[in-house]
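Number of protein chains: 2
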Amino acid sequence: MAITVVGHKNPDADSITAAIAVADLLSKRGMEATPVIQGPATPDAAFVLKTFGLATPAIETDATGKDIALVDHSDLAQSMDNLDKAKVLFVVDHHKLGDVTTPNPLEMWVWPVGCSGTVIKAMYEFYGIEIPKGIAGALMLAILNDTVLFKSPTCTDADKKAVEGLAKLAGVADFKALGMDMLKIKGSVEGIPAVDLMNRDYKDFNMGGKKVGIGQVEVLDLGLLDKIKPALVEECKKLQKDGRHTVLLLLTDIMKEGSEILVVSSDASLVEKAFGGKVGGALNSMWVEGCMSRKKQVVPPMEKAFA
Amino acid sequence: MAITVVGHKNPDADSITAAIAVADLLSKRGMEATPVIQGPATPDAAFVLKTFGLATPAIETDATGKDIALVDHSDLAQSMDNLDKAKVLFVVDHHKLGDVTTPNPLEMWVWPVGCSGTVIKAMYEFYGIEIPKGIAGALMLAILNDTVLFKSPTCTDADKKAVEGLAKLAGVADFKALGMDMLKIKGSVEGIPAVDLMNRDYKDFNMGGKKVGIGQVEVLDLGLLDKIKPALVEECKKLQKDGRHTVLLLLTDIMKEGSEILVVSSDASLVEKAFGGKVGGALNSMWVEGCMSRKKQVVPPMEKAFA
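In order, the protein sequences belong to chains U and B.
The numbering used here puts the first residue of the first sequence at 1, with every later residue one more than the last.
The numbering used here puts the first residue of the second sequence at 1001, with every later residue one more than the last.
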């Protein structure tokens, strides 16, 4: 049976390119493998696929009876439906260890780096398999995306080194310029409905038994969001009414390097505890200086506060 | 803070040598790291440490406030107390993915091979660090132990290749003879109380919300256990009364390559379903031909039956 390779829900550049690359790698290791995605590609992911001429994987949401390779996540809430009725054989990730468990031994490559792409480049090297040019370029952009052009605190030396190596393989001379083009598209908000911005990079988490949703919108200048902020608060409220204890939306200013966090919660004091500040103002929000990474700067303090 | 490197409860050759080796490897990568064990070394582990002149790590059972590297397990039931109050930074394993989760990104090396030692040898190579002679020998014996001299169905080509490489590094000409010496000591049952045999290689699992204990005693000839079998059944019963749905004890005949499984369960039909046979006889047991590996041949069908 072919192995289905899948990233998290709401597939961004890293999740899609990781699925494509790991499927390629497993195929070249002698297994049959197919990349899939759980929903439409985000704007950054679409830019990456188009730039390097890669086909968009088919959408699949049900894991029942399948052999699965998980990339870029290990949380049930972010994975395919019925994962407990599938056989998870591989996990490639760079996040916290989630609540996926298996009855069978498996292969896992998980590193505390800025992007799954960095791990996957090392896997290709470990197995002595050449990285195809298009995949190299896509992995490169995925790393630049996840690390916000190396600015995010999640960025490690391994990520920078991987980008340099991948840029050479892909024949890209000025990777920073290409990365900035991607971030501009990713940060484009003009004419985009609030519900789409809310879902652009949204993930659910289980924190101390409570469902917590955290979305992120990254823009080059927070002022671009001024008009749409009240509508974004309404989207948070809708999600919270739908069975969530708390919904956060990070409005991240890439240039100022910080985030305004919109907070809709049954107990906002937990969020205040997590970030050591006060939620307030017309939008019920707080500014967190230096906060660019959900993974490294938002999820860990939130999990601690909810524990 | 120094990283505490720890294997599963009831530390066997793999758990102890993996803790020693990963602590050595992390130290040489520039971190402070100390191996510990959760209880006294099993006879096979003691033989390995003595043969290669390695110090027995100190016993520690509480993880509170520590930075932790888990080796040879990823299950809470097999780990230190208060692991939720520690920070898990590394996992090196060759089992199924257990229920440990983290709020922080981490480094994981998990492969579907016969022994953590095989993974650790590859880690040394990946990081370009030389394996010390004594640690090479200990890892070699750990692999021979976990794979029952390559006879177990868990054994892979990677395990065989690792043993050959490690034997050279350790300067061991006849690794099979040394491995057999270890298995003789491991399989020695004369004069050993039933409670000690029961605990020799015992692990608790959470299966579909139910606590299930599975122990294993490996001997060169099952006849050696004839007299003590009724006392072993009593030990299973004691453990089951102590809050477990089911307790199994695998009496594995290394030469015949199969196991008699002693069964004490609130619902033995689940065990029968798992192995497709009948539990019966004076000891309430079943013979499972070819069954040598708890990890590969007992835990997966049991988890499926309990799901």
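Glycine residues also receive a C-beta, built at the ideal position from the N, C-alpha and C atoms.
Residue range of the beta strand (DSSP E) that residue i falls in?
i           : result
Pro-1035(B) : 1033-1037
Ile-1214(B) : 1210-1219
Tyr-1202(B) : 1202-1207
Thr-1004(B) : 1003-1006
Ile-135(U)  : Element bounds for Ile-135(U): not the beta strand (DSSP E) but the alpha helix (DSSP H), 133-146.
Asp-67(U)   : 67-71
Val-298(U)  : Neither: Val-298(U) is in no beta strand (DSSP E) and is coded neither H nor E.
Val-1113(B) : From DSSP, Val-1113(B) is part of no beta strand (DSSP E); its letter is neither H nor E.
Phe-150(U)  : Premise fails: Phe-150(U) is in no beta strand (DSSP E) and is neither H nor E.
Lys-1087(B) : 1087-1093
Met-1080(B) : Element bounds for Met-1080(B): n/a, residue is neither H nor E.
Val-279(U)  : Note, Val-279(U): premise wrong, no beta strand (DSSP E); not H, not E.
Hey, how far is the Cα of residue i from the Cα of residue j?
i           : j           : result
Glu-1260(B) : Gln-1078(B) : 24 Å
Ala-1055(B) : Pro-35(U)   : 48 Å
Ile-20(U)   : Ala-63(U)   : 17 Å
Glu-1130(B) : Met-255(U)  : 44 Å
Glu-1303(B) : Lys-1296(B) : 11 Å
Leu-25(U)   : Tyr-127(U)  : 9 Å
Lys-203(U)  : Pro-40(U)   : 15 Å
Val-212(U)  : Val-1195(B) : 46 Å
Met-180(U)  : Gly-137(U)  : 14 Å
Ala-1307(B) : Gly-1208(B) : 5 Å
Lys-1241(B) : Ile-1192(B) : 23 Å
Asp-201(U)  : Asn-145(U)  : 12 Å
Asn-1010(B) : Asp-44(U)   : 49 Å
Lys-1229(B) : Arg-29(U)   : 47 Å
Lys-1176(B) : Thr-1147(B) : 12 Å
Lys-1168(B) : Lys-1160(B) : 13 Å
Glu-257(U)  : Glu-1125(B) : 39 Å
Met-335(U)  : Gly-1187(B) : With chain U represented from 1 up to 307, any question about residue 335(U) goes unanswered, as that position is not in the structure.
Gly-243(U)  : Gly-7(U)    : 24 Å
Leu-262(U)  : Leu-283(U)  : 7 Å
Asn-1104(B) : Gly-1277(B) : 44 Å
Glu-1234(B) : Pro-1057(B) : 32 Å
Ile-1135(B) : Leu-1197(B) : 27 Å
Return the Cβ separation of residue i and residue j in integer angstroms, given the expectation that the two are a contact with Cβ distance under 8 Å.
i           : j           : result
Leu-1250(B) : Gln-1216(B) : 4 Å
Asp-1099(B) : Asn-1199(B) : Rounded, the Cβ-Cβ distance is 22 Å, inconsistent with contact.
Cys-291(U)  : Val-299(U)  : In fact, because the Cβ distance is near 12 Å, the residues do not count as touching under 8 Å.
Asp-14(U)   : Ala-142(U)  : 4 Å
Lys-1288(B) : Phe-1275(B) : Per the sequence shown, residue 1288(B) should be read as Val rather than Lys. Contact holds; Cβ gap of about 5 Å.
Met-1108(B) : Met-286(U)  : About 33 Å; that fails the 8 Å criterion.
Are the beta-carbon atoms belonging to residue i and residue j less than 8 Å from one another?
i           : j           : result
Leu-1076(B) : Leu-1083(B) : yes
Arg-246(U)  : Gly-117(U)  : Position check: residue 246(U) holds Thr in this sequence, whereas Arg was assumed. Result no, Cβ atoms of Thr-246(U) and Gly-117(U) do not sit closer than 8 Å.
His-95(U)   : Val-119(U)  : no
Val-1219(B) : Asp-1253(B) : yes
Ser-1293(B) : Pro-1153(B) : yes
Leu-232(U)  : Leu-183(U)  : no
Lys-1327(B) : Gly-1171(B) : The question about residue 1327(B) has no answer, for chain B in this structure spans 1001 to 1307.
Met-140(U)  : Val-163(U)  : yes
Leu-97(U)   : Thr-1156(B) : no
Leu-1166(B) : Ile-1214(B) : no
Ends of the alpha helix (DSSP H) at residue i?
i           : result
Ser-116(U)  : 116-126
Val-1189(B) : It is not in any alpha helix (DSSP H) - Val-1189(B) carries neither H nor E in the DSSP assignment.
Glu-1234(B) : 1229-1241
Thr-252(U)  : Unbroken run through Thr-252(U) is the beta strand (DSSP E), 246-253; no alpha helix (DSSP H).
Ile-129(U)  : Run containing Ile-129(U): none; DSSP gives neither H nor E here.
Glu-1257(B) : Here Glu-1257(B) belongs to no alpha helix (DSSP H), and DSSP marks it neither H nor E.
Val-1163(B) : 1157-1170
Val-1271(B) : 1268-1275
Asp-14(U)   : 13-28
Val-48(U)   : 43-51
For residue i, which residues from the same chain have a beta carbon less than 8 Å from its beta carbon, with the 5 sequence-adjacent residues on both sides left out?
i           : result
Ala-1106(B) : According to the sequence shown, residue 1106(B) is Leu rather than Ala. So the qualifying residues of the chain are Val-1088, Leu-1089, Phe-1090, Val-1091.
Asp-226(U)  : none
Gly-65(U)   : Lys-85, Ala-86
Lys-151(U)  : Ile-254, Glu-257, Met-292
Ile-353(U)  : The structure shown has nothing for residue 353(U), since chain U only spans 1 to 307.
Can you give me the Cβ contacts of residue i inside the same chain, cut-off strictly under 6 Å, excluding the 5 residues immediately before and after it?
i          : result
Ile-68(U)  : Thr-4, Ala-86, Val-88
Leu-224(U) : Val-189
Ala-305(U) : Leu-270, Lys-273, Ala-274
Would you say the beta carbon of residue i comes nearer than 7 Å to a heavy atom of the ligand FMN?
i          : result
Ala-282(U) : The ligand FMN is absent from the structure shown, which contains no ligands of any kind.
Could you pull out every residue in the same chain whose Cβ sits closer than 7 Å to the Cβ of residue i, ignoring the five residues on either side in sequence?
i           : result
Ala-2(U)    : Glu-32, Ala-33, Thr-34
Ala-158(U)  : Val-113, Thr-118
Thr-1061(B) : Gln-1038, Met-1080, Asp-1081
Ile-1185(B) : Pro-1043, Asp-1044, Phe-1047
Lys-237(U)  : Val-264
His-73(U)   : Gly-7, His-8, Ser-79, Asp-93, His-95, Gly-98
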